[in-house]
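Here's the structure, in structure tokens; my notes come after.
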Amino acid sequence: MELIVLMLQHSGCVLFGVFWVMISILDFFLKNSKAYSRRYNTFLRKNGISMSLCQIRWETIAFNRIVLRIGRWRPYFLKIWFNCGVFFGVASMFGSTVLLTMVLLGALFAEKNHDQLLQPMMPGMNLPWNETLYYFVSLILAGIFHELGHAVAAVRERVNVNSFGLFLFCIYPGAFVELNSEEVEDISPFCKLRIVCAGVWHNFILAMFMLLFSFLIPHILSSIYLTGSGVVVTWAYKASAIANELRPGDVVYSLNNCPTYSSMNWMKCLHKINTSPQDGFCNSKSFVGLHNITSTLNPLNVDCCDETSYRFCFFYINNELEDLKLSEATLKKSYQNHFSYACLPARLTIEHKQLCNDSSFCTNLFKHESFCVKPLVFNTTKLIRVNYKEGRDILFVGDPAELLSTIRVSNYVPKYSFSVINLPEYFQLLCIYTVSISLALSILNMVPCYLLDGNQALLALMQMIFPRNETVRTSFTSVILLFGTLLLLVNIVIGFLKLLT
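Per the UniProt record's numbering: the sequence shown = residues 1 to 501.
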């Protein structure tokens, strides 16, 4: 079993490894084939596609005019906008360095089960396969906004944009922009900072926008979805005991009279049922007497129904004792003295009946002698009354944790038959991934590290701080870049090791 789990966890690496091997073989064959090499190379060149080891790049100039128009719109506003980006970028540089240092110290000196903040996302390992699409779309979206920030800021500083592009490196997609490097070198250090910091600034703005959008989803979708009236089932594990009764599209209103207004309430209700004693159900003395067909009890296996399919074994107190919070062992030892048992039709006994803890409550409520009959269950097993579809109940017997793991619910109940059940969930997941990835990029990309925006930002800062002393500037820059690069690399290595172990 452990071998199977390990294989499933590493299946993502295997699949992507096979993908790149096949792509490399196909690329090598087409480039060296006498019949196809000319047409293949012409196709790559005309469409701006280039391929190398574990990387595919697509480059175009189709968006240059659009960016040129945006960069020349409202120059004064854009100046203020990108000045804000500079302050955010510099703060992010210092903040990211402090954050990575604290994470590294925590990983080295904290407990073994210390959570690693910086950990790569790997499909099939710590990224569920059914959420991989959201992850990739969010990465591309964050990358495009990042590069768009660089491009618009460059046009604002009168630096030409050569091209845009997308790439896939190993398993991670992204975007890039090519600027005129000679023109970048000719502008002032602060103007360089505007261009460099614009990327992470736009990532931060994108994260805030998607966060706001996630809060507005209930209002945006209010015309076709209801919220606060129940939860709708969006997925059910086919092999679960309740899958034949509770299907995608069904609306659940309560669990043992605990209202499920939202997915959060759903989890709270299941937790309450799991940690509380089994609920009882008020039934009149005449009802119990009429429907009871109790057989002889076996002290080793307390049951009074002889495996009758539609009946269930209930117990109740028939004297002054009101303490029903007894352990299983105590129950088995003392049932003859304190409890009466009844084999009753489960649905008639439970459906639309008042929940209770003791018989006196039922008697006082209905003004005639009644019993609080409780399902005879042990260990973590509970009998749960699932109220759904207006007036109809499902009786679930099992561990409440099973409902939590095999049933997925949403706050958004469709008003119409054409409403897609999972549409709000799709939006929510996209928002969650985009916010997480964009915030991560806005912080980590400003680490003073080689090949990151933090490298160029640090160079511009050093030019502003030491405008004339090049020796001191170079020394400080080299030391800080070396420290930042090592800090980031060590954190990434530790994250990979914790992911693999």
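Built from N, CA and C at the ideal position, the CB exists for glycine as well. Keep in mind the model is a prediction, meaning the values are calculated, not measured.
The continuous stretches of alpha helix (DSSP H) do not include R72, and DSSP gives it neither H nor E.
Boundaries of the alpha helix (DSSP H) around D186: 181-186. Fewer than three pairs of CB atoms, one per stretch, sit closer than 8 Å, so the region 249-259 makes no contact with the region 441-452. As the crow flies, the alpha-carbon of V103 is around 19 Å from that of N126.
The C-beta separation of L355 from D453 comes to about 59 Å, leaving the pair out of contact by the 8 Å criterion.
Judged by DSSP secondary structure, E369 falls outside any alpha helix (DSSP H); it is assigned neither H nor E. Counting every other CB atom within 10 Å of its CB across the protein chains shown gives H219 a total below 16, marking it as exposed. Annotation: W266 is outside any beta strand (DSSP E); the continuous alpha helix (DSSP H) that includes it extends over 263-275. Taking C-beta separations shorter than 7 Å and ignoring five residues to either side along the sequence, the partners of T363 in its chain run E369, S370, following chain order.
By the CB criterion at 8 Å, R156 and P75 fall inside the cutoff. Between the beta-carbon of S188 and that of I437 there is about 32 Å, and that puts the pair past the 8 Å contact cut. Collapsing the DSSP output to three states places T485 in a helix. The region 191-206 makes contact with the region 132-149; the number of CB pairs closer than 8 Å reaches 3 or more. For the region 403-491, the continuous beta strand (DSSP E) assignments of 3+ residues that do not extend past its boundaries occur at 407-410, in sequence order. Within the same chain, Cβ atoms closer than 6 Å to the Cβ of L100 are found at L487, N491, the five residues on either side in sequence being excluded. Classified as buried, H150 has 16 or more neighbouring CB atoms from the shown chains inside 10 Å of its CB. Spatial neighbours of A346 in its own chain (CB-CB distance under 7 Å, excluding positions within 5 residues in sequence) are listed in chain order as Y310, R311, F312, L395. For V161, there is no enclosing alpha helix (DSSP H); the residue is part of the beta strand (DSSP E) that begins and ends at 161-169. In this structure, the CA atom of I23 is about 52 Å from the CA atom of T381. For S50, the secondary structure class from DSSP, reduced to helix, strand or coil, is strand.
In the DSSP assignment, W201 falls within the unbroken alpha helix (DSSP H) covering 189-220. Judged by DSSP in its simplified three-state form, A175 adopts strand.
Here the region 47-65 makes contact with the region 162-172; the two share three or more CB pairs at distances below 8 Å.
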